[in-house]
Amino acid sequence: MMEVYRVDDLRGGLVPEGARLAVLGYPVSHSASPQMHQAALDALGLEMSYIRVEVEPGCVREVLGLLEGLGFLGCNVTIPHKLEAMECCDVLSDAVRALGVANTIHFRGGEIFGDSTDGPGLVRAIEEDFGMVLEGARVLVLGAGGGAGKAISMQLHSEGCADLYLSNRTVSKVEELRAGLPDSGTVVHVLGNDAAGIDAVIGGVDLVINATSMGMGDDDDLPMSVGGLGSGHRVYDVVYSPPVTRFMEAAGERGAEVANGLSMLVHQGAISFELWTGREPDTGLMRRAVMG
Numbered sequence: 036m037m038e039v040y041r042v043d044d045l046r047g048g049l050v051p052e053g054a055r056l057a058v059l060g061y062p063v064s065h066s067a068s069p070q071m072h073q074a075a076l077d078a079l080g081l082e083m084s085y086i087r088v089e090v091e092p093g094c095v096r097e098v099l100g101l102l103e104g105l106g107f108l109g110c111n112v113t114i115p116h117k118l119e120a121m122e123c124c125d126v127l128s129d130a131v132r133a134l135g136v137a138n139t140i141h142f143r144g145g146e147i148f149g150d151s152t153d154g155p156g157l158v159r160a161i162e163e164d165f166g167m168v169l170e171g172a173r174v175l176v177l178g179a180g181g182g183a184g185k186a187i188s189m190q191l192h193s194e195g196c197a198d199l200y201l202s203n204r205t206v207s208k209v210e211e212l213r214a215g216l217p218d219s220g221t222v223v224h225v226l227g228n229d230a231a232g233i234d235a236v237i238g239g240v241d242l243v244i245n246a247t248s249m250g251m252g253d254d255d256d257l258p259m260s261v262g263g264l265g266s267g268h269r270v271y272d273v274v275y276s277p278p279v280t281r282f283m284e285a286a287g288e289r290g291a292e293v294a295n296g297l298s299m300l301v302h303q304g305a306i307s308f309e310l311w312t313g314r315e316p317d318t319g320l321m322r323r324a325v326m327g
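In terms of my numbering, the sequence shown has 268 at position 233, counting the first letter as 1, and numbering is strictly consecutive.
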């Protein structure tokens with residue numbers, strides 16, 4: 036099986052026999068989704084395979100049509116295609132309508148359904164890694180205005196957090212996000228990403244979620260100052276490669292409990308898997324497959 040398939044391969048029907056699921060991205064060779072989903076498929080005796088497809092921007096609609104014609108059940112969608120994928124759907128979940136992006140596509144009855152599994156995946160991850168109930172929690176989200184950050188923030192709001200602190204470099208993005216949230220018992224606070232603003236609230240926070248990409252590079256700055264963190268904090272970094280980011284390391288040295296984004300990757304993938312197959316996968320097996 037090839038590591039990466041391209042649009043011309045789909046046009047020519049040059050995909051493995053039994054290929055029924057895929058991840059679309061540009062680039063996509065780094066995606067860990069195939070080994071994760073393939074392990075779950077094999078364990079359940081489902082004789083199908085999951086492949087990577089590199090798709091240039093502007094080609095998503097054609098690719099979805101090709102996949103459906105080839106008998107695929109659906110696909111995951113990653114950067115930069117989540118908006119374009121949503122625009123190709125016939126039916127959208129409530130989460131996709133609210134977010135304006137889709138990361139999971141499934142085909143049924145001649146229609147294309149779009150969903151977003153990032154938010155629910157994060158909830159399962161927090162419960163697994165920290166044994167933490169989000170209802171009533173006080174949470175700071177770094178990078179709340181980005182794609183993943185927005186999905187996470189909206190999910191946290193729906194879970195009934197007591198206080199939700201939304202931090203972003205461009206404050207207008209989180210102001211717009213707050214304006215679109217329904218009235219509830221959650222108090223939503225808008226912050227920039229300046230150290231003074233974050234330091235002023237960190238003492239009253241239970242959980243910090245880094246939804247920025249800062250941490251993927253060896254020379255990246257920390258997404259926030261860790262001076263205010265301590266043993267009463269939990270820190271979740273959506274980055275999972277490297278497995279211990281500089282932010283996690285620095286927070287851990289301050290006594291905070293830390294976890295990386297591998298659990299979110301696994302759980303959002305498991306929710307996608309259930310949508311496609313109607314079967315519940317073994318998330319422990321999926322995690323081990325990603326870790327190699």
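For every residue, glycine included, the Cβ atom is placed at its ideal position computed from N, Cα and C.
Keep in mind it's a predicted model, so treat the numbers as computed, not measured.
**Request:** Could you pull the start and end residues of the alpha helix (DSSP H) that residue 86 belongs to?
**Result:** Within the sequence shown, numbered from 1, the residue matching residue 86 stands at position 51. No alpha helix (DSSP H) contains residue 86, which is instead part of the beta strand (DSSP E) from 84 to 89.
**Message:** Could you pull the DSSP bridge partners for residue 110 from this structure?
**Reply:** As a first step, residue 110 is located in the sequence shown; it is residue number 75 there, counting from the start. Looking at the DSSP assignment, residue 110 forms a beta bridge with 57, 140.
**Asked** Taking the alpha-carbon positions, what's the residue 56 to residue 260 distance?
**Response** For the purposes of this step, residue 56 is taken as residue 21 along the sequence shown, with counting starting at 1. For the purposes of this step, residue 260 is taken as residue 225 along the sequence shown, with counting starting at 1. For residue 56 and residue 260, the distance between alpha carbons rounds to 41 Å.
**Request:** Out of 108, 106, 146, 114, point me to the one whose CA is closest to residue 123's CA.
**Result:** Translated into the one-based positions of the sequence shown, residue 123 becomes position 88. Among 108, 106, 146, 114, the Cα nearest to that of residue 123 belongs to 146.
**Item:** Sequence-distant residues of the same chain with beta carbon closer than 7 Å to residue 322, five excluded per side
**Value:** Indexing the sequence shown from 1 puts residue 322 at position 287. Excluding sequence neighbours, residue 322 sits near 297, 301.
**Message:** Less than 6 Å between C-beta atoms, sequence neighbours within five positions excluded: which residues of the same chain meet that for residue 119?
**Reply:** Position 84 of the sequence shown, counted from the start, is the residue given in the question as residue 119. Contacts found: 95.
**Item:** Range of the contiguous alpha helix (DSSP H) that encloses residue 233
**Value:** Translated into positions along the sequence shown, residue 233 becomes position 198. Start and end: 230 to 236.
**Beta carbon of residue 335 nearer than 7 Å to that of residue 241** = Residue 335 lies beyond the range of the chain shown here (36 to 327); nothing can be said about it.
**Item:** Other residues of its chain near residue 92: CB distance less than 8 Å, five sequence neighbours each side excluded
**Value:** What you label residue 92 is simply residue 57 of the sequence shown in a count that begins at 1. Taken in chain order, the residues that qualify are 61, 115, 116, 119.
**Message:** For residue 194 and residue 44, I'd like the C-alpha separation in whole angstroms.
**Reply:** As a position in the sequence shown, residue 194 is number 159, starting the count at 1. As a position in the sequence shown, residue 44 is number 9, starting the count at 1. Looking at the two C-alpha atoms, the distance is approximately 43 Å.
**Asked** Got a sec? Which residues, its chain only, sit under 6 Å from residue 84 by beta carbon, not counting five neighbours each side?
**Response** Residue numbering aside, residue 84 sits at position 49 when the sequence shown is read from its first letter. Closer than 6 Å at Cβ, skipping near neighbours: 51, 53, 54.
**Request:** Out of 110, 102, 141, point me to the one whose CA is closest to residue 47's CA.
**Result:** The residue labelled residue 47 in the question sits at position 12 within the sequence shown. The candidate whose alpha carbon is nearest that of residue 47 is 102.
**Message:** Less than 6 Å between C-beta atoms, sequence neighbours within five positions excluded: which residues of the same chain meet that for residue 73?
**Reply:** By one-based count along the sequence shown, residue 73 stands at place 38. Counting only Cβ-Cβ distances below 6 Å, and skipping sequence neighbours, we find 85.
**Prompt:** Nearest CA to the CA of residue 90: which residue from 148, 110, 82?
**Reply:** Residue numbering aside, residue 90 sits at position 55 when the sequence shown is read from its first letter. Looking at the Cα atoms, 110 is the closest of the given residues.
**Request:** Just the C-alpha distance for residue 165 and residue 317, rounded to the nearest angstrom, thanks.
**Result:** Along the sequence shown, one-based indexing puts residue 165 at 130. Along the sequence shown, one-based indexing puts residue 317 at 282. Taking the straight line from one Cα to the other gives about 20 Å.
**Prompt:** Exposed or buried, residue 157, counting other C-beta atoms within 10 Å across all chains shown (16 or more means buried)?
**Reply:** Stepping through the sequence shown from its first residue, residue 157 is reached at position 122. Answer is buried; the Cβ neighbour count reaches 16.
**Asked** For residue 314, is the classification buried or exposed, using 16 other Cβ atoms within 10 angstroms of its Cβ as the cut-off for buried?
**Response** Counted from its first residue, the sequence shown places residue 314 at position 279. Exposed is the call here.
**Asked** Should the region 264 to 277 be regarded as contacting the region 133 to 145, the criterion being three or more beta carbon pairs within less than 8 Å?
**Response** no
**Request:** Quick one: give me the first and last residue of the alpha helix (DSSP H) that residue 216 is part of.
**Result:** Against the sequence shown, residue 216 aligns to sequence position 181. That residue, residue 216, is in no alpha helix (DSSP H); it is neither H nor E in DSSP.
**Prompt:** Hey, quick one: how far does the alpha helix (DSSP H) through residue 287 stretch, first residue to last?
**Reply:** Residue 287 sits at position 252 when you count from the first residue of the sequence shown. Looking at the DSSP string, the run of the alpha helix (DSSP H) that includes residue 287 is 281 to 288.
**Prompt:** To the nearest angstrom, how far is it from the Cα of residue 184 to the Cα of residue 263?
**Reply:** Counted from its first residue, the sequence shown places residue 184 at position 149. Counted from its first residue, the sequence shown places residue 263 at position 228. Approximately 22 Å, taken between the alpha carbons.
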